[in-house]
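K.L.:
Let me begin by handing over the structure; questions about it come next.
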Amino acid sequence: MCGRFTLQTPESQIRKAFHLPIGEQLGLTPRYNIAPSQDIPIIRNSDNGHELTLVKWGLVPHWSKEPKTKYSTINARIETVAEKPTYRTPFKSQRCLIPADGFYEWKLVNGHKIPHYIRMHKGGVFAFAGIWDRWEGDGETLDSCSIIVMPANEAMKPIHERMPAIIAPAHYDLWLDSRVTDKDEILGYLNSAPSSQLKFYPISPWVNSPQHKDERCIQPA
DNA sequence: CCAGACGTTGTT
DNA sequence: GTCTGG
DNA sequence: CCAGACGTTGTT
DNA sequence: GTCTGG
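Residues in the first sequence are numbered from 462 upward in steps of one, following the working numbering.
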C-alpha cells in the first residue's frame with residue numbers, strides 16, 4: 462500500500478527528470494509528509510504534450526454525484542485496476558506519473574506499527590504509476606488521482622506485503638500514451654524498480670501525524 | 001425492472 | 001467501532 | 001497511511 | 001457511467 466510519501470526534489474530537477482519545459486513553474490516546495498486528500502503534482506497528457514499539474518490525491522470518479530467518495534480511492538490494485546468501475550476508464554486513457562523521491566510503509570512488529578522510509582539507493586526522483594479522473598458539476602471542476610499498488614517485491618517483503626507500482630524511465634512515454642489501450646501491454650509497463658535500487662530504514666513515529674511536515678519525518682530512528 | 005454500489009488493508 | 005480530515 | 005472526532009441548540 | 005442484487 463502507499464499512504465504517505467515525500468517529494469523534496471526541487472521542481473527544476475523534477476521537470477528535468479520528466480523532460481518537461483522548465484519555463485512555467487508551479488512553485489513546488491519540498492514536502493516530507495504528503496498525505497491523502499492533499500494536492501500533489503502529476504505528469505499527464507495535455508494539448509501541448511506532457512504537463513506537470515496539481516490534483517487531489519484520492520480519485521473521485523467522473524460519475525460521482527458529489528466531489529468526494531464514501532470509500533478510499535487513494536490506491537488502486539494492479540490486479541483489478543482494469544476492471545473496477547471506479548478505475549477502468551481512467552486506466553485506459555488517463556494514466557499519469559506521480560513524482561516521488563521516497564515513501565513510507567508501516568511494519569507490524571509485535572502488534573506495534575513501526576514506520577519505515579523507502580527510497581532509491583542512489584536517491585533521486587522516480588515515478589509512481591497513477592491514474593486520474595475529472596469530476597465536473599455546479600460550475601466546479603475537480604481533478605484527482607490514485608496510486609496503483611502491487612504485491613511487494615523481494616526488497617519490500619520484510620516491511621509490507623504491498624507496495625506502490627513504480628514505472629521505469631524507459632516506459633514513461635508509453636505509460637502516458639492514451640493511444641495504448643491494451644490491458645496487458647499497459648500492465649507490462651508496471652515493472653517495479655529492481656530490488657537492488659530500493660533501500661529502507663526504520664524511522665521515528667514523528668511521521669505518523671500528517672501535521673508533522675518537516676525533515677524530522679525521514680530521520681532514522 | 002429499480003436501487004444501490006462503485007475501495008484498500010488488515011484482522012477475525 | 002467507524003468515519004473524516006490531512 | 002495515521003490522528004482525531006464522534007452532538008445539539010442558541011447566542012456571540 | 002455501469003454492474004450487481006433483489
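We treat Cβ as the ideally placed atom computed from N, Cα and C, and that holds for glycine. Only a predicted model underlies this, so the values are computations on that prediction, with no experimental measurement involved.
Below 8 Å, can you find three or more Cβ-Cβ pairs linking the segment 480-494 to the segment 581-598?
P.N.:
In short, these stretches do not touch, since the Cβ pair count stays below three.
K.L.:
Short of 6 Å in beta carbon distance, which residues of its chain neighbour Ala590, apart from the five on each side in sequence? Order them along the chain.
P.N.:
Around Ala590: Ile609, Ala626, Ile628, Leu651.
K.L.:
DSSP has Asn536 in a bridge; who is on the other side?
P.N.:
Ile608, per the DSSP bridge assignment.
K.L.:
How long is the line joining the alpha carbons of Asp634 and Ala478, rounded to whole angstroms?
P.N.:
Cα-Cα distance, rounded: 12 Å.
K.L.:
Would you check if the segment 649-667 and the segment 570-590 touch, i.e. whether three or more CB-CB distances between them fall below 8 Å?
P.N.:
Yes: at least three Cβ pairs fall under 8 Å.
K.L.:
Is it buried or exposed for Asp599, if we count other Cβ within 10 angstroms and need 16 for buried?
P.N.:
Burial call: exposed.
K.L.:
May I ask you to list the residues that DSSP assigns as paired with Ser507?
P.N.:
According to DSSP, which records beta bridges pairwise, Ser507 is partnered with Gly510.
K.L.:
Answer with buried or exposed for Lys618, where buried requires no fewer than 16 other C-beta atoms within 10 angstroms of its C-beta.
P.N.:
Exposed, because fewer than 16 other Cβ atoms sit within 10 Å of the Cβ of Lys618.
K.L.:
Determine the direct distance from the alpha carbon of Pro551 to that of Pro666, and round the result to whole angstroms.
P.N.:
Roughly 35 Å separates the two Cα atoms.
K.L.:
Report back the beta-carbon spacing between Ser502 and Leu515 to the nearest angstrom; my notes put them in contact at under 8 Å.
P.N.:
This sequence places Pro at residue 502; Ser is not what is there. 6 Å between Cβ atoms; contact.
K.L.:
Under 6 Å Cβ to Cβ from Ile475, same chain only, skipping five residues before and after it: list those, please.
P.N.:
For Ile475, where only same-chain residues beyond five positions count, the Cβ hits under 6 Å are Pro560, Val586.
K.L.:
Do you know how far the Cα of Glu622 is from the Cα of Ser525?
P.N.:
Straight-line Cα distance between these residues: approximately 31 Å.
K.L.:
Determine which residues share a DSSP beta bridge with Thr602 and list them.
P.N.:
Paired residue(s): Glu597.
K.L.:
Excluding the 5 residues preceding and the 5 following Asn614 in the sequence, name in chain order all residues of the same chain whose CB lies nearer than 6 Å to its CB.
P.N.:
Same-chain partners within the cutoff: Ser653, Ser656.
K.L.:
Can you look up Thr490 in the DSSP assignment and give me helix, strand or coil?
P.N.:
Here Thr490 sits in coil by DSSP.
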